[in-house]
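Novice: Before anything else, here's the structure in question.
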Amino acid sequence: MDNSILQLFPLQYRGIWQRTAKIQDSVQEIRLRAGRPVVLHRNGSEVFLDRDGKFIDICTDAYTVTERVLEEILEHICHYSPYAFEEDLKRGFVTVAGGHRVGVAGQAVLEPDGSIRTLKNISFLNIRVSHQKKGAADKVLPRMYRKGSLKNALIISPPGCGKTTLLRDLIRQVSDGNGYGRGMTVGVVDERSELAGSFLGRPQNDVGMRTDVLDGCPKETGMLLLLRSMSPEVIAIDELGSEGELKALRQASACGCRILATVHGEDREDVEHRFSLQTDFWDRMFEVFLILGKEEGKCVVKQILERGQRIC
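Residues in the sequence shown are numbered from 1 upward in steps of one, following the working numbering.
Written as structure tokens, this is what we have:
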């Protein structure tokens, strides 16, 4: 399926985005803010666009989007039927064909109980460009298995260091099978539609032939649902964030599932401190820890620690 970012913009605005579309593999985010310069995050740094769509380093001559242009772009993304995307907008993002995710912000309209009814006067869009890098997990794959058996693994990473990309490729290779282990049935709870990039329930990214995806569902609820309905051999989630999710992971592990998960953090100590859980909890749950970071602007695996190991 064509995943060009040009599809995100109405025809009359595509001219300015032609250059960006040609190099979108190096673009992580496109930030559109009403009345402010367009900002591209490319290869770990910021660049701007001028009115011809050329890349520039200073904002004084940068292209600025108006409220009307922003509104037209969002209407196009929602196929000119915003009510059909109301539930997505309440969650703060819309996933589109190609797996790209468009975050939205503006004025929240609240229900009496304080929950969000909808968003209006949307003045900020964050287009997260989908990248599937097949082979991203090749170098770590040998450390993921012991005598053909997949290890429970936790990927620890600061934001923007490639944890979702790595997890996505691990899911694909575990699902399809590889030189270290047979293909396994993988259940993915994709709460924010980032792993599979599902559009209308169908994954836009290749997550493997034996993978079942529960899209847009809270991770804690979704893991238990998949255990009951899809009999996964492996459960995979992105951005572990609550004690309830940890409890659901423990239940999945107790049912015999292997676990693949990511969490924000600088290292093991950082994660343990944030969750206020003892070291032995993490060693019981996971057998291998992959710590990601950046070196010279590139995302790298800085450490691979086995259960009980505290230093590289």
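Beta carbons: idealized from backbone N, C-alpha and C, even for Gly.
#1: Can you name, in chain order, every residue of its own chain whose Cβ lies under 8 Å from the Cβ of Gly135, other than the five neighbours on each side?
#2: Taking one C-beta from the segment 203–220 and one from the segment 293–311 each time, how about it: are there three or more such pairs within less than 8 Å?
#3: Examine the ligand ZN and report whether any of its heavy atoms sits within less than 7 Å of the Cβ of Glu287.
#4: Give the DSSP-derived three-state secondary structure of Ala248 in the structure shown.
#5: Helix, strand or coil for Tyr63 per DSSP?
#6: Can you tell me whether Lys22 is helix, strand or coil according to DSSP?
#7: Between Arg172, Pro232, Gly162, Gln303, which has its C-alpha nearest Glu239's C-alpha?
#8: Go ahead and pull the three-state DSSP assignment for Lys163.
#9: Classify Asp25: buried if its beta carbon has 16 or more other beta carbons within 10 angstroms, exposed otherwise.
#10: Given that a residue counts as buried once 16 or more other Cβ atoms are within 10 Å of its Cβ, and exposed if not, what is Met209?
#11: On the criterion of 16 or more Cβ atoms from any shown chain inside 10 Å, does Val322 qualify as buried, or is it exposed?
#12: Let me make sure I understand the geometry here. Which of Ile23, Val300, Glu269, Arg258 has the alpha-carbon closest to that of Glu287?
#13: Here's the rule: buried if 16 or more other CB atoms are within 10 angstroms of the residue's CB, otherwise exposed. What is Phe281?
#14: Can you name, in chain order, every residue of its own chain whose Cβ lies under 7 Å from the Cβ of Asp283, other than the five neighbours on each side?
#15: Please state whether DSSP places Arg31 in a helix, a strand or coil.
#16: Provide the residue(s) that pair with His76 in DSSP beta bridges, ordered along the chain.
#17: Give the C-beta separation of Ala196 and Asp215 to the nearest angstrom, bearing in mind that I take them to be a contact with Cβ-Cβ under 8 Å.
#18: Evaluate Pro232 with the Cβ neighbour count: other Cβ atoms within 10 Å of its Cβ, from every protein chain shown; 16 or more gives buried, anything less gives exposed.
#19: If you draw a straight line from the alpha carbon of Phe48 to that of Phe289, how long is it in whole angstroms?
#20: Assuming Thr221 is part of the beta strand (DSSP E), what are its boundary residues?
#21: Which class does His41 belong to by DSSP, given the choice of helix, strand or coil?
#22: For Thr118, report the span of its beta strand (DSSP E) as first-last.
#23: What are the uninterrupted segments assigned as alpha helix (DSSP H) that are 4 or more residues long and contained completely in the segment 267–309, given in chain order?
#24: For Ile105, which option in Gly98, Glu86, Asn126 has the closest C-alpha, if you only look at C-alpha atoms?
#25: So, under 8 Å CB-CB, Pro37 and Tyr63 are touching, yes? Tell me the CB distance rounded to an integer number of Å.
#26: CA-CA distance, Tyr80 and Ser229?
#27: Run through DSSP, which three-state label would Gln173 get?
#28: Alpha carbon to alpha carbon, how far is Ile56 from Asp212? Give it in angstroms, no decimals.
#29: Per DSSP, what kind of secondary structure is Val69 in: helix, strand or coil?
#30: Would you mind stating whether Gln132 and Asp206 have Cβ atoms separated by less than 8 Å?
#31: Decide if Cys78 is buried, meaning its Cβ has at least 16 other Cβ atoms within 10 Å, or exposed.
#32: Where does Glu243 fall in DSSP's three states?
Specialist: Considering the structure as presented:
#1: Asp169
#2: no
#3: The ligand ZN is absent from the structure shown, which contains no ligands of any kind.
#4: helix
#5: coil
#6: helix
#7: Gly162
#8: helix
#9: exposed
#10: exposed
#11: As shown, the chain starts at 1 and ends at 312. That puts residue 322 outside it, with no answer to give.
#12: Arg258
#13: exposed
#14: Arg307, Gly308
#15: strand
#16: None; His76 has no bridge partner.
#17: 7 Å
#18: buried
#19: 37 Å
#20: Where Thr221 is concerned, there is no enclosing beta strand (DSSP E), although the alpha helix (DSSP H) it sits in stretches over 219–229.
#21: strand
#22: 116–128
#23: 268–275, 279–285
#24: The question names Ile, but residue 105 in the sequence shown is Ala. Selected option, being the one with the closest Cα: Asn126.
#25: 7 Å
#26: 35 Å
#27: helix
#28: 43 Å
#29: helix
#30: yes
#31: buried
#32: helix
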